[in-house]
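Listed in order, the protein sequences are those of chains Z and V.
Quick note: the first sequence uses this note's numbering, first residue 24, plus one each step.
Quick note: the second sequence uses this note's numbering, first residue 24, plus one each step.
Built from N, CA and C at the ideal position, the CB exists for glycine as well.
Protein chains: 2
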Amino acid sequence: MTALFERLLIAGVGLVGGSLAHAVREAGLAGEVVGFGRSEPNLAVARERGLVDRTSRDPAEAAAGVDAVVIATPVGTAVGVAEALRPHVRPGTILTDVGSVKTALVAALEACWAPVGPVVGGHPIAGSETSGAAAARVDLFRGRRCILTPTPATDRAALGRVRALWEGVGARVEEMTPAVHDELLARVSHLPHLVAYALVDAVAGARVDGHDLLAYAGSGFRDTTRIAGSPAGLWRDVALANAPAVRAALGEFRAALERLESLLAAGDGDGLEAVLAAARAARRRLGRGE
Amino acid sequence: MTALFERLLIAGVGLVGGSLAHAVREAGLAGEVVGFGRSEPNLAVARERGLVDRTSRDPAEAAAGVDAVVIATPVGTAVGVAEALRPHVRPGTILTDVGSVKTALVAALEACWAPVGPVVGGHPIAGSETSGAAAARVDLFRGRRCILTPTPATDRAALGRVRALWEGVGARVEEMTPAVHDELLARVSHLPHLVAYALVDAVAGARVDGHDLLAYAGSGFRDTTRIAGSPAGLWRDVALANAPAVRAALGEFRAALERLESLLAAGDGDGLEAVLAAARAARRRLGRGE
């Protein structure tokens, strides 16, 4: 089998980048997988775990001879990384990414990369509150969705190769516009993160008779707030980059919460149970999953 | 070793009642453990799993010769169950419960049980969105907190025996007033449940370009909403029975959420990161736990 890419550069060898690198190596999708990053200790972990063939902290060295670049750094630093690599890649090099927001990011990457080659926006829906090369898992994308977000500017051949990359690591690839992606993820991902952070914030800040409230948290509170353990800078950037859709999603959530509050204030047991039962039914259709 | 109780009646052999029954039997804390309930299929599961010595659906038969009763039915039915058993117990029989709300419930149980014997309010902080005797686990309370909520009316000897019961199944027992318990649990338990239900409600009801949003839910959304799979009637009753504290907790949460929204609307990245980072730090002190 011919590899999909001769030499693939993965910029940001964290949970997502490291898992992709490892899965690409295992599936033989690239002749060589190079890891680029700032933190030598993290790159050392990536090498020791065999996630990549080699690593570099130098943009010129990292980018030499690659035919595709995957930006897997946090959303807020993606464009800066692309700019640092751009002078060192050969013409036609494909740029793709894994960012959780797409409209603003894909537009910025297209503007940055226009002199060089094609851009394909991507977002694998997989992850956890863990981070770093140590958290990478070769099967992270297996059976998970990966959304690609072509624009009118997207090169169809490049889109096909990026699709083959994700399908090659076991993901179910789907295409939609950056705007639809962002509206969708605002609700199923960005909103739950902000809700989890707000819930911890509210409870950690409350005082009842001198008790440390968090000491009484059971498994329900722990599950509901697990993703509030995610890196703050990353979610700041996501929320800001997708602010209009996130604010709309927050508004929808606040309306749902106010509906519960009104029913509670009115002592409307039947109404309250109807809303809770409908939500329960929807949640149970979703299953426990992972 | 002399058993703590000659014959213990557990009314409601679900996750909590069934787990307590099983742990009591295993620890030899009662000469006999009787399970009382309405659903014969569930009682059959309790017998087959050896959670109890025997079961009955008849109040008179179930209550005969017992020296303590644990009400482990949902909060909304607890008083009705106590009333049904009352005519059939001997004088001095201890009544205790496991309800997630205490102020209104303990007062009602004290009023109901006054002609008979002492009442001790209790609440083991353990559970999950599962239910029924099939979900019972002998170690459910091991290492978990159990809050007892004595009132000025509480008999100290009865309080001591109920404390010994919970310590005997491995729980860490703590005492506080019913009012403090309710303020505390409103924040660490009742609030997260309503938030999870509201989150599912909002996302299940939203539409983006014809997509079924829940199909795109990742592990973050699943964790954050897991407890929205809990029985609706149970949480309706808890919310209504603890309405003042729950509404206060909802107000605190809404304030935290509005703080995030304001920072987002203002594009205040530093302010947003500071709030998220503080919440993250608080959440990480809590640990992953179970």
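Uninterrupted alpha helix (DSSP H) stretches inside the segment 163-207 of chain Z (no shorter than 4 residues): If we require 4 residues or more, the alpha helix (DSSP H) runs fully inside the segment 163-207 of chain Z come out as 179-191.
Contacts of V/I250 in chain Z (Cβ-Cβ under 8 Å): G243, D246 and T247
CA-to-CA distance, V/M199 to V/P175, given in whole angstroms: Whole-angstrom Cα-Cα distance: 12 Å.
Counterpart residues of V/G145 in DSSP-defined beta bridges: Per DSSP, the beta-bridge partners of V/G145 are V/L171.
Listed by chain order, chain V residues near Z/P173 by CB distance under 7 Å: Within chain V, not a single residue places a beta-carbon under 7 Å from that of Z/P173; the smallest gap is close to 15 Å.
Amino acids of chain Z, ordered along the chain, whose beta-carbon sits closer than 9 Å to that of V/D232: What V/D232 touches in chain Z, judged by beta-carbon distance under 9 Å, is M199, T200, A202, V203, E206 and L207, going in chain order.
Nearest-angstrom Cα separation, counted from V/T248 out to Z/V211: 11 Å
Beta-carbon proximity list for Z/L287, same chain, < 8 Å, skipping 5 on both sides: L295
Residue burial classification, Z/S285 (beta-carbon count within 10 angstroms, cutoff 16): exposed
Cβ-based contacts, 7 Å cut-off: residues of the segment 260-274 of chain V near chain Z: A262, L263, A266, V269, R270 and L273
Cβ distance (whole Å) where Z/A272 is taken to contact Z/H213 below 8 Å: 7 Å
Residues near Z/F276 by beta carbon distance below 8 Å, same chain, minus five either side: L214 and V218
V/A225 at chain Z interface by Cβ criterion, 7 Å: Taking CB atoms only, V/A225 has a neighbour in chain Z less than 7 Å away.
Cβ-based burial, Z/D232 [other Cβ within 10 Å; buried from 16]: exposed
Whole-angstrom C-beta distance between Z/G140 and Z/G115, which should lie under 8 Å: Z/G115 to Z/G140, Cβ: 5 Å. Contact.
Contact list for Z/V211 against chain V, beta-carbon separation under 8 Å: Under the 8 Å cutoff, chain V gives V226, L236, L237, Y239, A240, G241 and F244.
Those runs of the alpha helix (DSSP H) which lie wholly inside the segment 208-274 of chain Z and span at least 4 residues: 214-228, 242-248 and 255-264
Classification of Z/T25 by the beta-carbon crowding that lies within 10 angstroms, buried from 16 upward: Counting Cβ neighbours within 10 Å, Z/T25 comes out exposed, since fewer than 16 surround it.
Extent of the continuous beta strand (DSSP E) to which Z/G54 belongs: A53 to F59
Positions along the segment 283-296 of chain V whose CB lies within less than 8 Å of some CB in chain Z: L283, E284, L287, A288, G290, G292, L295 and E296
V/R80 burial status per 10 Å Cβ neighbour count (16 or more: buried): exposed
Close-in-space but distant-in-sequence residues of the same chain around V/V56 (CB under 7 Å, 5 per side omitted): L31, I33, A44, V47, R48, V75 and D76
Own chain residues within Cβ distance below 6 Å of V/H111, not counting five before or after: P82, A83 and A86
Extent of the continuous alpha helix (DSSP H) run through V/R72: Per DSSP, V/R72 is not a residue of any alpha helix (DSSP H), being assigned neither H nor E.
Chain-ordered chain V contacts of Z/F276 [CB-CB under 7 Å]: Going along chain V in sequence order, the residues near Z/F276 (Cβ under 7 Å) are A221, L222 and A225.
Rounded Cβ spacing between Z/V124 and Z/V261 (contact assumed at less than 8 Å): 6 Å
7 Å Cβ cutoff met for V/V223 and Z/A302: yes
Proximity of V/A156 and V/V68 at Cβ, strictly below 7 Å: Cβ distance < 7 Å, so V/A156 and V/V68 count as in contact.
Boundaries (first-last residue) of the alpha helix (DSSP H) holding V/T126: T126 to W136
Within chain Z, the residues that V/L299 reaches when beta carbons sit closer than 7 Å: Y220, A255, W258 and R259
Z/L27 (DSSP reduced to helix, strand or coil): coil
Presumed contact (8 Å Cβ cut-off) between V/G243 and Z/I250, rounded CB distance: 4 Å
Chain-ordered chain V contacts of Z/L217 [CB-CB under 7 Å]: Under the 7 Å cutoff, chain V gives L283.
Partner residues on chain V for Z/A279, Cβ-Cβ distance less than 7 Å: A221, D224 and A225
CB contact below 7 Å: Z/R306 versus chain V: yes
Chain-ordered residues of the segment 101-120 of chain Z with a beta carbon less than 8 Å from chain V: none
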